[in-house]
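As structure tokens, the structure follows; a few thoughts come after it.
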Amino acid sequence: MRCVALVELRDVEKFYGDLHALKSVTLTLEAGRIGLLGPNGAGKSTFLKSLLGLVIPTSGTVKVFDLEVARNPFEVRARVGYMPEGDHVMPELTALEYASFAAKLCGLPDKEAVGRAHLVLQYVGLGEARYRKLGSYSTGMRQRARLAQALVGDPKLLLLDEPTSGLDPRGRDEMLALIHDIPTRTGASVILSTHILPDVEKTCDQVIVLAGGQALYAGALAPLIRPEEGIFEVRTKGDPARLRTALELSQCIVTMQGTTLEVRVPHNGGAAHVVRVAVEAGCQLRHLAPLQHTLERAFFETLEKAASPTPA
Ligand code: ADP
Ligand code: MG
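Per the working numbering: the sequence shown = residues 93 to 404.
Put into structure tokens, the structure is as follows:
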């Protein structure tokens, strides 16, 4: 039996006049928590809108749940919740009216819509504030209300366009915790668009790296951030320069980040090599661990690779 992909794009191009916003994007995503990562202007919002049929690609095909969006926009939208970027709400409505309205737009009968609205507002932490007008809400509360309207139709896929923008660190952490919980709680998949790398690192298991309209990477997050074999992070009690010199004399390649040494050990010598050199040089080690790739590092390496010409 063929496993249906969550999202599949083939050779998708989008031009706004002369502006080339999506460049031959071809990728497949599985169900799960997906980070859509890229700087401002990368094409993230255009990408999300193309999944909903709100932006029509100039060429190429977009499928969501194996449905071609161009042919079945309403069937797709019935299964997808969308939180657009920005923090616009209808200020005169209470959160309950707003979420109920969104539920009715999803086709729920009045009574059921209000019932669902109560439930999702409780879930996003607005249970007590649900009878207050949105105009009196803080940014964090508005973003939660907007998340509630995206969730109220019980979507199978949730598209969140920069949902943490404008939030303070605590509000951001709370929003990310909710986003992480949604797939566990509801079984829905989430695509989280952001330019904040740690948000993706904390929340997602797949990532798309978009830059200048090109998808430079799409797939599992783990291979991007796994520990590097043969590279160690080393700190010493004394002068790091002394240990650095000793390691370089033993064929290691060393770079210094503050007082931390990043040591590439030759010939699979492993941590034992670093320990031996340190002992011989009379340097006491404080920290020795395989270098963990951060998403930030992987992100910039991906951008660099894309910028450098491919060897002939
Ligand atoms: P991101 O969400 O990553 O910031 P966008 O998808 O909003 O990127 O935009 C990608 C590029 O397309 C940007 O250069 C932006 O100015 C341009 N763009 C987006 N929407 C439109 C539009 N409706 N008309 C013209 N240009 C647009
Ligand atoms: Mg955007």
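Don't be surprised by glycine CBs; every beta carbon is placed ideally from N, CA and C. Keep in mind the model is a prediction, meaning the values are calculated, not measured.
Between the CA atoms of residue j and residue i - distance to the nearest angstrom
{"i": "Thr351", "j": "Val367", "result": "17 Å"}
{"i": "Phe72", "j": "Arg264", "result": "This structure cannot settle anything about residue 72, because the visible part of the chain is limited to 93 through 404."}
{"i": "Asn132", "j": "His287", "result": "7 Å"}
{"i": "Ala113", "j": "Val104", "result": "10 Å"}
{"i": "Ala404", "j": "Pro319", "result": "Below a pLDDT of 50, predicted positions are generally treated as unreliable, and Ala404, at 47, falls in that range; the measurement from the model is reported next regardless. Rounded to whole angstroms, Ala404 to Pro319 spans 30 Å at the Cα level."}
{"i": "Leu101", "j": "Leu121", "result": "9 Å"}
{"i": "Cys95", "j": "Ile274", "result": "22 Å"}
{"i": "Pro382", "j": "Ala191", "result": "48 Å"}
{"i": "Gly232", "j": "Gly173", "result": "19 Å"}
{"i": "Leu370", "j": "Ala312", "result": "The sequence shown places Ala at residue 370, not Leu. Taking the straight line from one Cα to the other gives about 37 Å."}
{"i": "Ala97", "j": "Met182", "result": "35 Å"}
{"i": "Ala240", "j": "Lys196", "result": "13 Å"}
{"i": "Ile300", "j": "Arg334", "result": "42 Å"}
{"i": "Met175", "j": "Phe107", "result": "23 Å"}
{"i": "Ala364", "j": "Leu377", "result": "12 Å"}
Bridge-paired residues (DSSP) for residue i
{"i": "Met348", "result": "Leu353"}
{"i": "Gln298", "result": "Ile126 and Ala312"}
{"i": "Leu121", "result": "Val99"}
{"i": "Thr173", "result": "The sequence shown places Gly at residue 173, not Thr. Gly173 is bridged to Leu250."}
{"i": "Lys155", "result": "Glu100 and Glu160"}
{"i": "Leu114", "result": "Lys106"}
{"i": "Ala307", "result": "Leu302"}
Best match in the options for proximity to residue i [C-alpha to C-alpha]
{"i": "Asn360", "options": "Arg378, Val99, Phe324 and Arg336", "result": "Phe324"}
{"i": "Pro290", "options": "His365, Thr256, Ser151 and Val99", "result": "Thr256"}
{"i": "Ala170", "options": "Val117, Gln235 and Leu243", "result": "Leu243"}
{"i": "Gly279", "options": "Leu259, Arg262 and Asp246", "result": "Asp246"}
{"i": "Ala338", "options": "Glu393, Ala310, Phe107 and Glu372", "result": "Glu372"}
{"i": "Leu144", "options": "Gly135, Ala162 and Arg224", "result": "Ala162"}
{"i": "Ala111", "options": "Ser228, Cys198 and Gly305", "result": "Note on identity: in this sequence residue 111 is Leu, with Ala being the wrong assignment. Nearest option by C-alpha distance: Gly305."}
{"i": "Val216", "options": "Arg234, Ala364, Val117 and Lys294", "result": "Arg234"}
{"i": "Asp158", "options": "Val168, Gly130 and Pro149", "result": "Val168"}
{"i": "His210", "options": "Ala237, Ser230, Ala194 and Leu188", "result": "Leu188"}
{"i": "Glu340", "options": "Lys329, Gly330, Glu354 and Gln349", "result": "Glu354"}
{"i": "Thr328", "options": "Tyr223, Lys115 and Leu380", "result": "Leu380"}
{"i": "Ala398", "options": "Glu388, Leu302, Leu377 and Ala314", "result": "Leu302"}
{"i": "Ala194", "options": "Arg238, Arg277 and Leu249", "result": "Arg238"}
Range covered by the beta strand (DSSP E) that runs through residue i
{"i": "Ser257", "result": "Element bounds for Ser257: n/a, residue is neither H nor E."}
{"i": "Glu325", "result": "Pro319 to Thr328"}
{"i": "Ala381", "result": "Leu377 to Gln384"}
{"i": "Leu483", "result": "Examination of residue 483 is not possible in this model, given that the chain is present from 93 through 404 alone."}
{"i": "Leu284", "result": "Ser281 to Thr286"}
Residue range of the unbroken alpha helix (DSSP H) whose run includes residue i
{"i": "Arg222", "result": "Here Arg222 belongs to no alpha helix (DSSP H), and DSSP marks it neither H nor E."}
{"i": "Gln214", "result": "Asp202 to Tyr215"}
{"i": "Lys196", "result": "Ala187 to Leu197"}
{"i": "Thr150", "result": "Careful: Thr150 lies outside any alpha helix (DSSP H) and carries neither H nor E."}
{"i": "Leu239", "result": "Thr231 to Leu243"}
{"i": "Val366", "result": "Gly362 to Glu372"}
CB contact below 7 Å: residue i versus chain D
{"i": "Tyr309", "result": "Although the question refers to chain D, the structure presented lacks it and comprises just one protein chain."}
- Item | Chain-ordered list of residues that sit, by beta carbon, closer than 6 Å to a heavy atom of the ligand ADP | Qualifying residues come out as Tyr108, Leu111, Ala113, Gly130, Asn132, Gly133, Ala134, Gly135, Lys136, Ser137 and Thr138.
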